[in-house]
Amino acid sequence: MKAQIHPLTGAVREIVDIFSQMGFSVADGPEIEDEWHNFDALNIPPDHPARDMHDTFWLPDGRTLRTHTSPVQIRWMQEHQPPLRIIAPGKVYRNETTDMTHEAQFYQLEGLAVSTDVSLANLRGVLEVFFAEFFGANVEVRFRPSYFPFVEPGVEVDMRLEGDGVSERLRGKWMEIMGAGMVHPRVLENVGIDSSKYQGFAFGAGLERLAMLKWGIDDVRLFHTGDLRFVRQFEAEE
Amino acid sequence: MKVSYDWLKSFFEGDLPSAKDVAELLMFGAFEVEGVEEVGGDSIIDVDVLPNRAHDCLSHLGIAREVAVLGPVSGFSDPLSGEYEALKPSSFVEVSVEEAKRCGIYIACLIENVSVGPSPEWLKKRLRSLGQRSVNNVVDATNYVMFAIGQPLHAFDADKLSSRAGKKAICVRAAREGESIEILGGGDVMLNSDVTVIADMHADLPIALAGVKGGTAAEVGEQTKTIILEAANFNPSITRKTSQSLNIRTDASKRFENGIADVLAYHGIGAAARMIEELSLGQTEGYALSNMREAKRVSVSFGLSEANSLLGTSLSNVDVESVLKRLGFQYQKKGDKYEVSVPVWRLDIAIAEDMIEEIGRVYGYGKIKAVPLPPLGLSTVVNIRHYTFERMRGMLEAEGWREVYTYSLAGSGDVELANSFTSDKGFLRRDLAASMRKVLDDNIKNLPLLGGARIRAFELGDVFLQKGEVVRLALGDDGSPGTAAKEEDSLLADMSRKLMTVFGDALSKVYEDESIIEYEVDVSKIETGGAAYPEGARISESARYEPISQFPFVLRDIAVWAPQDASSDEAEEIIVSNGGELLVSTELFDSFGKGERSSYAFHLVFLSREKTLSDSEVNEIMKRLEGAMEERGFEVR
Numbered sequence: 001m002k003a004q005i006h007p008l009t010g011a012v013r014e015i016v017d018i019f020s021q022m023g024f025s026v027a028d029g030p031e032i033e034d035e036w037h038n039f040d041a042l043n044i045p046p047d048h049p050a051r052d053m054h055d056t057f058w059l060p061d062g063r064t065l066r067t068h069t070s071p072v073q074i075r076w077m078q079e080h081q082p083p084l085r086i087i088a089p090g091k092v093y094r095n096e097t098t099d100m101t102h103e104a105q106f107y108q109l110e111g112l113a114v115s116t117d118v119s120l121a122n123l124r125g126v127l128e129v130f131f132a133e134f135f136g137a138n139v140e141v142r143f144r145p146s147y148f149p150f151v152e153p154g155v156e157v158d159m160r161l162e163g164d165g166v167s168e169r170l171r172g173k174w175m176e177i178m179g180a181g182m183v184h185p186r187v188l189e190n191v192g193i194d195s196s197k198y199q200g201f202a203f204g205a206g207l208e209r210l211a212m213l214k215w216g217i218d219d220v221r222l223f224h225t226g227d228l229r230f231v232r233q234f235e236a237e238e
Numbered sequence: 001m002k003v004s005y006d007w008l009k010s011f012f013e014g015d016l017p018s019a020k021d022v023a024e025l026l027m028f029g030a031f032e033v034e035g036v037e038e039v040g041g042d043s044i045i046d047v048d049v050l051p052n053r054a055h056d057c058l059s060h061l062g063i064a065r066e067v068a069v070l071g072p073v074s075g076f077s078d079p080l081s082g083e084y085e086a087l088k089p090s091s092f093v094e095v096s097v098e099e100a101k102r103c104g105i106y107i108a109c110l111i112e113n114v115s116v117g118p119s120p121e122w123l124k125k126r127l128r129s130l131g132q133r134s135v136n137n138v139v140d141a142t143n144y145v146m147f148a149i150g151q152p153l154h155a156f157d158a159d160k161l162s163s164r165a166g167k168k169a170i171c172v173r174a175a176r177e178g179e180s181i182e183i184l185g186g187g188d189v190m191l192n193s194d195v196t197v198i199a200d201m202h203a204d205l206p207i208a209l210a211g212v213k214g215g216t217a218a219e220v221g222e223q224t225k226t227i228i229l230e231a232a233n234f235n236p237s238i239t240r241k242t243s244q245s246l247n248i249r250t251d252a253s254k255r256f257e258n259g260i261a262d263v264l265a266y267h268g269i270g271a272a273a274r275m276i277e278e279l280s281l282g283q284t285e286g287y288a289l290s291n292m293r294e295a296k297r298v299s300v301s302f303g304l305s306e307a308n309s310l311l312g313t314s315l316s317n318v319d320v321e322s323v324l325k326r327l328g329f330q331y332q333k334k335g336d337k338y339e340v341s342v343p344v345w346r347l348d349i350a351i352a353e354d355m356i357e358e359i360g361r362v363y364g365y366g367k368i369k370a371v372p373l374p375p376l377g378l379s380t381v382v383n384i385r386h387y388t389f390e391r392m393r394g395m396l397e398a399e400g401w402r403e404v405y406t407y408s409l410a411g412s413g414d415v416e417l418a419n420s421f422t423s424d425k426g427f428l429r430r431d432l433a434a435s436m437r438k439v440l441d442d443n444i445k446n447l448p449l450l451g452g453a454r455i456r457a458f459e460l461g462d463v464f465l466q467k468g469e470v471v472r473l474a475l476g477d478d479g480s481p482g483t484a485a486k487e488e489d490s491l492l493a494d495m496s497r498k499l500m501t502v503f504g505d506a507l508s509k510v511y512e513d514e515s516i517i518e519y520e521v522d523v524s525k526i527e528t529g530g531a532a533y534p535e536g537a538r539i540s541e542s543a544r545y546e547p548i549s550q551f552p553f554v555l556r557d558i559a560v561w562a563p564q565d566a567s568s569d570e571a572e573e574i575i576v577s578n579g580g581e582l583l584v585s586t587e588l589f590d591s592f593g594k595g596e597r598s599s600y601a602f603h604l605v606f607l608s609r610e611k612t613l614s615d616s617e618v619n620e621i622m623k624r625l626e627g628a629m630e631e632r633g634f635e636v637r
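In the order they appear, the protein sequences are chains A and B. Here our numbering is used: the first residue of the first sequence is 1, the next is one more, and so on. Here our numbering is used: the first residue of the second sequence is 1, the next is one more, and so on.
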């Protein structure tokens, strides 16, 4: 019998490979996160309306279930000096009701590159390589203005896939795929990196969404129900 | 924020591009647009204004300003850029603010001899197009001005306030413990000292929740003859706390909590007073002000090279200056830096990066070309958790174990959440075994669809204990009741032994029963020996998800005597090619020889995506299969 691979595992495996070749290391962090790492250090102060962008699960002691993988950026930068490049795939939580496209728990892919000269144009370059290899397609990437407190400028990233390997449903269509931007100087300062010398880009994408687009999966809940009729559909290469 | 295209047009002397084009301009230069909808001859553009621009763009003026910057439009003049008139002091109303931090500026305007009545049709229509209900000409005027320029306003019935020496007095203060207020359309609300209220000072009674909602005590109605109009700038985080703790979110609170500019209050009160004079035939008697503060002029300096370095562009001075002009920002060039004087209504621009974002988005992110990231010259670091997981997965996948990812939120556990709204998600899981049990139970019912006689699954993930968050591995193995227990049981034991051989030091068994074993994994004890991640198996290029049928499957067996030399493969081929699309699985479960003849027996599984299959439908397929078999010389037993 051929090995069968859960699509989250399959996606992360390919992603780690693609980013490793561009010099990115894998990083991780705890799922129960303190408020400082999850919010304050990322330039989301208490009582700021930006906190409404996250429906947060709180613990009685004031800690959170991390609402994004961005605190892994903070943890990595507290321990490493630039130049640095990481990706962090991991489980995150949102206190919201579930449907075909929303889950209370899901996986994110975080990316971070900091050096003296990394730019928004480099972000575009990296994402083009990533999408082209991950989706096995010709890809176009575009940025639209957006806002995430921990980046400045902040952008929404859309992609458009072309090629025979792309399903007809997706071919030639612009799709919103992730949030990104240039690391906010305050975030660098919060972890003791000199923002007058260093700059960087960061991005965050939903891993299930990437996998759903890649394999035509129509319901995000399938990833977490443990239904093997789902898992068995993803057989390994010969 | 719902934006009326007709209303937007009124800010321009020149023509505006079509609503769809305006949406496009905003989309690529400023904000996400959720959609454009035709409503009663107007187009409503649903603009997703995020918190960084909520202070200046939750209004038609704010959106018009963006369109003026981004679009091929002409004839926009910003009403806020002009000087505002000096406000005539009122003889009948006084205002005071007890703590300056609660309220940046407070302006009251007394308007006499109003006649409160229905609004004119044009005003009703404007409000209706934004999904707002018309109340009366006074209240509608305050709402209109809020949606026009972004300044929330409130009107009180002045005659319902107490007088002392012929004067009304309004006070902004903390609510007192035990104080309560009856709010408009919302009943009594108990207050605490975190809440800011507007009070009738002489009566010492709260008449509004500052920045959130008005009270019934001074409600404007048809009998109202004199009104006090309020425009203020309430503290963002206090407003936010108030609205959260009382669970009242309003258009006003949403604007205040994002911290608006003081200048809006001056323009807002003037605009609303003029409108009320016109609509209700009242006369403005005068104004009272508290907490006047100088508008802070912020200037931000950035260099061309800084902008190019961050954006990865090669903009020229001409490019940058053309964007600054389009933005309408005053600037001076000092050496190689631009010193920009930020308009008073742009509270979001404080550092060079903020200005560079303005340059980038107005210049056009689309014009930023991709540049490959240069090699880092450092080797990547192996993440020990990922390394461990990948090695374990590799072993398990190769032996036919399937991975599951189950929910970390559970109905019980050591760690309870403070604010979960579903009872089955009130805790974090304390083990993997419980969900593995469920995985086995749920999947055993589908065993014929899954291939093989056993269900073997594993999960790797964090669980949450008193001592903290730890990594666990669970293995689950179960079969149909008929399968020989002894031999099959050894699969779980075998796998467990193999894992122990490789990862022994890092694994400690925390749970075991006849079908599940759970280990705690101490990844810090794993040694990579300098190795990179294992080369894990990839999902096949051709894999595509097929929706899972919600209908029950039907099981049938077929057994045949084969003609001489015919193999089981040949029998299977006949079944598969004649079974049709409802036959989803064919599995040889028995074969034996007797003399020169061989017997083969297969389990067949039938399943439809559209319906529950009936016996007679399956019988028909079976008849077809049997016919095909006999044609090829097989004898159906």
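Think of the CB as a built atom: it goes at the ideal place given N, C-alpha and C, for glycine as much as any other residue. Just so it is clear, the structure is predicted and the values come from calculations on it, not from any experiment.
*List, in order along the chain, the chain B residues whose C-beta lies closer than 8 Å to that of E156(A)?*
E32
_Buried or exposed (CB count within 10 angstroms, at least 16 for buried), D48(B)_ = Flag for D48(B) reads exposed.
_Contact under 9 Å by Cβ, T364(B) with F28(B)_ = What sits at residue 364(B) in the sequence shown is Gly, not Thr. Closer than 9 Å, so yes.
*In chain order, what residues of the stretch 582 to 605 of chain B put their CB closer than 9 Å to some CB of chain A?*
Residues of the stretch 582 to 605 of chain B with a C-beta less than 9 Å from any C-beta of chain A: none at all.
_Just verifying my parser: in three-state terms, what is the DSSP assignment at Y519(B)?_
Per DSSP, reduced to three states, the secondary structure at Y519(B) is strand.
*Grouping DSSP H, G and I as helix and E and B as strand, with all else coil, what is K296(B)?*
Coil.
*Measure the beta-carbon distance from L475(B) to I444(B) and round it to whole angstroms, keeping in mind my assumption that it falls under 8 Å.*
No, L475(B) and I444(B) are not in contact; Cβ-Cβ is about 16 Å, not under 8 Å.
*Could you pull out every residue in the same chain whose Cβ sits closer than 8 Å to the Cβ of N122(A), ignoring the five residues on either side in sequence?*
So the qualifying residues of the chain are A113 and F201.
*Got a sec: does the ligand GTP put a non-hydrogen atom nearer than 8 Å to the Cβ of E257(B)?*
Because no ligand of any kind appears in the structure shown, any question about the ligand GTP cannot be addressed here.
*Take the Cβ of A485(B) as the centre, count every other Cβ of all protein chains shown within 10 Å, and call the residue buried at 16 or more, exposed below.*
Confidence at A485(B) is low in this model, with a pLDDT of 48, below 50, so its placement is unreliable and the value that follows should be read with caution. Exposed.
*Under 8 Å Cβ-Cβ, which residues of chain B neighbour H6(A)?*
R402, E403, V404 and Y405
*N- and C-terminal bounds of the alpha helix (DSSP H) containing K9(B)*: Looking at the DSSP string, the run of the alpha helix (DSSP H) that includes K9(B) is Y5 to K9.
*Taking the Cβ atom as the reference point for each residue, do L409(B) and L473(B) lie within a distance shorter than 9 Å?*
For L409(B) and L473(B), no; Cβs fall outside 9 Å.
*Answer with buried or exposed for A398(B), where buried requires no fewer than 16 other C-beta atoms within 10 angstroms of its C-beta.*
exposed
*Quick one: is E257(B) near chain A, going by C-beta distance under 9 Å?*
yes
*Test item: CB-CB of G562(B) and E573(B) under 9 Å*: Gly is not the amino acid found at residue 562(B); the sequence shown has Ala there. No, these two residues do not count as a Cβ contact at 9 Å.
*Residues of chain A with a CB under 8 Å from the CB of S567(B): which are they?*
Correct list: empty, because the minimum Cβ distance to chain A is about 20 Å.
*From the DSSP output, read off the bridge partner residues of Y363(B).*
Partner(s): none; Y363(B) has no beta bridge.
*Does DSSP classify L409(B) as helix, strand or coil?*
Annotated three-state conformation of L409(B) is strand, per DSSP.
*asked:* Under 9 Å, Cβ to Cβ, is there at least one residue of chain B near T9(A)?
replied: Among the CB atoms of chain B, one or more fall inside 9 Å of the CB of T9(A).
*Identify whether E33(A) lies in helix, strand or coil by the three-state DSSP scheme.*
strand
*Return the chain-ordered ranges of every alpha helix (DSSP H) run that is complete within the stretch 244 to 293 of chain B and spans a minimum of 4 residues.*
251 to 256 and 263 to 280
*Name the one or two DSSP bridge partners that Q105(A) has.*
Y93(A)
_Min CB distance Y147(A) to chain B below 9 Å_ = yes
*Confirm, please, whether the CB-CB distance from Y84(B) to V320(B) is below 9 Å.*
no
_Test: E630(B) CB closer than 9 Å to a CB of chain A_ = no
*With 9 Å as the limit, tell me which residues of the stretch 117 to 148 of chain A have their beta carbon closer than that to any beta carbon of chain B; keep them in chain order.*
D117, V118, S119, L120, A121, N122, L123, R124, G125, V126, L127, E128, V129, G136, V141, R142, F143, R144, P145, S146, Y147 and F148
*Proximity below 9 Å, CB of L58(B) to CB of F11(B)*: Inclusion of L58(B) and F11(B) in the CB contact set at 9 Å is not warranted, their separation being larger than that value.
*Cross-strand partners of N233(B) (DSSP beta bridge)*: I105(B)
_Starting from Y387(B), trace the alpha helix (DSSP H) in both directions and tell me its first and last residue._
Its alpha helix (DSSP H) spans residues I384 to A398.
*alpha helix (DSSP H) containing F132(A): first to last residue?*
Checking the displayed sequence, the identity of residue 132(A) turns out to be Ala instead of Phe. For A132(A), the enclosing alpha helix (DSSP H) begins and ends at L120 to F135.
*asked:* For a test of the three-state rule: what should DSSP assign to G62(B), helix, strand or coil?
replied: Residue state, collapsed to three classes: helix.
_Segments assigned beta strand (DSSP E), at least 3 residues, entirely inside the stretch 541 to 582 of chain B_ = 554 to 562
_On a Cα-Cα basis, can you pick out the residue from V231(A), A211(A), M182(A) and A27(A) that is closest to T101(A)?_
Checked all of V231(A), A211(A), M182(A) and A27(A); the closest Cα to T101(A) is A211(A).
*Spatially closest choice to L396(B) from L499(B), R538(B), L130(B) and T142(B), by CA coordinates*: L499(B)
*In the DSSP assignment, find the unbroken beta strand (DSSP E) run with I177(A) in it and report its ends.*
W174 to V183 is the span of the beta strand (DSSP E), which, as asked, contains I177(A).
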